[in-house]
Each structure stands twice: as structure tokens, then as C-alpha cells.
Amino acid sequence: MEYCAAAEQQLSRLRQHVLVALGSSPAAMAGALEGVARVYEHAEPLARSARADVLDGELEASVALLDACAAARDALGAIRACALDAEAAVRHRDGAAADRAARTYARLVERARADARRQRRRAGLRSDHQVADGGGVHALQEARRLTVAVLERVVAALSRRVAAAAGTPRPASSWSTRVARAFRKSARVACEDAADEDTVSLPALPSKDSHDGEAAVRVQRELRAVGDTIQQLEDGLELLFRRLVQCRVFLLNVRSC
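Mind the numbering: the sequence shown is residues 4 to 260 in the working numbering, read in order.
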């Protein structure tokens with residue numbers, strides 16, 4: 004069917020994002036989120052081609068997807084707030100505020116990564132073994148797996164390189180030492196199993212003793228750019244969340260017929 008072909012084409016492009024390009028840049032992550040959302044534009048006709056027992060499984064899985072998407076969206080919002088807090092710490096040379104931002108960052112990222120892993124397990128292959136007719140059913144299941152993969156990779160990518168980014172190349176003051184130590188400790192806790200790719204990072208924080216005003220302005224500008232990047236990803240997650248809600252409504256409507 005035409006709708007199945009369109010969905011399969013979108014899924015094929017999305018696989019490339021997940022397997023190849025997703026870790027390379029924020030733009031690739033945003034593109035992957037948009038790609039997932041586009042797959043779910045075909046949710047209604049795909050659902051109508053599925054058997055009743057398969058629909059029950061997808062309805063159950065849709066709850067996990069909504070939970071995972073909402074958790075990732077909320078986590079990104081909190082991480083963006085941490086970037087704003089770090090910007091304020093740079094502006095005011097406030098080591099205590101930087102320490103609080105680092106600890107909050109670590110706690111939120113660790114929780115988000117754990118949630119993403121849990122949702123990946125919930126969206127496992129159980130339904131696949133029950134289905135042999137493929138078509139729309141296969142597309143729904145593939146979309147579900149790729150959605151979880153995208154969410155997990157987005158959260159993981161944002162958890163990298165904080166420790167290295169917070170260091171200073173010059174002899175550090177007590178303030179900059181405290182900032183670097185806080186972010187190193189937080190990154191070890193939050194990112195101990197992260198991959199080696201670098202995607203979004205906080206820039207190096209200038210020493211309190213430095214009189215280089217241009218460096219401070221640059222760091223603040225880079226921190227704002229980090230916040231803007233996260234905002235872009237939040238927007239993508241919000242679009243995906245709306246598509247997942249629509250998909251669940253379609254599944255409920257088809258199941259009740």
C-alpha cells in the first residue's frame with residue numbers, strides 16, 4: 004500500500020540517523036526526532052492494517068513511549084536551566100552556584116539515562132515474535148524501536164564532555180578549581196558508560212583571577228548557544244510527543260471498532 008511504502012521510506016532514512024549520523028551533531032539529533040515524528044504521521048492507516056491482538060501490544064507500548072518522550076523532554080528542559088545557571092555563575096564568578104548546577108545536572112542526566120534504558124527494555128521484541136504478516140504492523144514496531152533508540156541517544160549525547168569542558172588551561176583560582184572539580188565529579192557519575200563521541204558540551208569557564216573580559220563574554224555566548232541547541236531538541240521532543248498522543252488515539256479508535 005502507498006501509506007506503507009511512505010512509512011517504510013521514512014523508516015529507512017531514520018535508521019541511517021540512528022546508526023550513523025545521530026551522534027555527530029545537534030542538527031543530526033534534531034533531524035532524527037523530526038524523522039520519528041514524520042513516521043507517526045502514518046499511524047492511523049498503519050493501525051488499521053494491524054490485527055487486534057497486535058494492537059493490544061502496541062497500545063501497551065504506546066504508554067511506555069509517551070513516558071519516555073515526556074521524561075526526555077523534561078530532562079532537557081532541566082539541563083537547559085543548568086546551562087543558564089552556569090552562564091550566571093560565569094558572569095558573577097559564583098563557585099557555589101556552579102557547584103549546584105553541576106550537582107543538579109548530574110542527578111538529572113543520571114535519572115534520564117536510567118529512564119531511557121528502562122524504556123528500551125519495555126519496548127523490546129516481545130510483539131515481534133507474535134507477528135508474521137509484516138506490513139503496517141512491522142512499520143509500527145520498527146517505529147517504536149527507533150523512537151526509543153533516538154530518545155536514548157539524545158539523552159546520552161547531552162551527558163558527555165562536561166568534565167573536560169569545565170577545566171581551565173591556566174593556573175586555576177580556588178573558584179575555577181571548584182567549578183572544574185564539581186563538573187568532573189558530576190560527569191563521572193552521570194556519564195560513566197557514555198560513548199566517546201562528543202555532541203554538546205559546556206565551554207571552559209574562565210578563572211576568577213583572569214582579566215580577560217572577552218573570554219568571559221565568549222563563554223557566556225557559548226553557554227547561550229548550548230541553551231539554544233537544547234531548546235531546539237526540546238521543540239523536536241514536543242512535536243514527537245504530540246505525534247505519539249495522536250498515534251495512541253488512533254490505536255484506541257481502531258481497537259474499539
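Beta carbons: idealized from backbone N, C-alpha and C, even for Gly.
(message) If I follow the unbroken alpha helix (DSSP H) through Ser-65, where does it start and stop?
(response) 55 to 95 is the extent of the alpha helix (DSSP H) around Ser-65.
(request) Compare the beta carbon distance of Ser-65 and Leu-247 with 8 angstroms and say whether it is the shorter of the two. (result) In contact: Ser-65 and Leu-247 (Cβ atoms closer than 8 angstroms).
(message) Considering only their Cβ atoms, is the gap separating Val-229 from Ala-84 smaller than 8 angstroms?
(response) A distance of 8 angstroms or more separates the beta carbons of Ala-84 and Val-229.
(request) Out of Glu-63, Glu-61, Gly-80, Val-57, state which residue places its alpha-carbon closest to the alpha-carbon of Gly-239. (result) Comparing Cα-Cα distances from Gly-239 to each of Glu-63, Glu-61, Gly-80, Val-57, the minimum goes to Gly-80.
(request) Take Glu-44 and list the residues in its own chain whose beta-carbon comes closer than 8 angstroms to its own, dropping the five residues that flank it on each side. (result) Once the five neighbours on either side are set aside, the close Cβ partners of Glu-44 are Arg-246.
(request) Return helix, strand or coil for Cys-260, following the three-state DSSP convention. (result) Three-state DSSP puts Cys-260 in coil, outside helix and strand.
(message) By the three-class DSSP mapping on this structure, what secondary structure does Ala-52 have?
(response) First, the amino acid is wrong: residue 52 is Ser here, not Ala. Coil at Ser-52, not helix or strand.
(message) Which residue marks the beginning of the alpha helix (DSSP H) containing Val-37, and which one marks its end?
(response) Reading off the sequence shown, one finds Glu at residue 37, where the question assumed Val. Start and end: 29 to 42.
(request) Can you tell me the Cβ-Cβ gap for Leu-236 and Leu-69, rounded? I've got them flagged as a contact below 8 angstroms. (result) Distance from Leu-236 to Leu-69 at the Cβ level is roughly 18 angstroms; contact not present, criterion being Cβ atoms closer than 8 angstroms.
(message) Could you tell me the alpha carbon to alpha carbon distance between Asp-102 and Ala-91, rounded to whole angstroms?
(response) In this structure, the CA atom of Asp-102 is about 12 angstroms from the CA atom of Ala-91.
(request) Please report the Cβ distance between Glu-155 and Arg-120, rounded to the nearest whole angstrom; I am assuming they are in contact, meaning their Cβ atoms lie under 8 angstroms. (result) Indeed, because the Cβ distance is near 7 angstroms, the residues count as touching under 8 angstroms.
(message) Does Ser-259 pass the burial test, meaning 16 or more other C-beta atoms within 10 Å, or should it be called exposed?
(response) By the Cβ-count criterion, Ser-259 is exposed, with fewer than 16 other Cβ atoms from all chains shown falling within 10 Å of its own Cβ.
(request) Measuring alpha carbon to alpha carbon, tell me which of Glu-113, Cys-72, Ala-46, Arg-227 ends up nearest Val-93. (result) A check of alpha carbon separations from Val-93 across Glu-113, Cys-72, Ala-46, Arg-227 identifies Arg-227 as the nearest.
(request) Throw me the rounded Cβ distance for the Ala-293 and Val-158 pair, which I believe falls under 8 angstroms. (result) This structure cannot settle anything about residue 293, because the visible part of the chain is limited to 4 through 260.
(message) Closest to Arg-224 by C-alpha separation, out of Val-42, Ala-40, Ala-99, Ala-89, would be which residue?
(response) Shortest Cα-Cα distance from Arg-224 to any of Val-42, Ala-40, Ala-99, Ala-89 involves Ala-89.
(message) Using 8 angstroms as the threshold, is the C-beta distance between Cys-72 and Phe-244 below it?
(response) Taking 8 angstroms as the Cβ cut-off, Cys-72 and Phe-244 qualify as a contacting pair.
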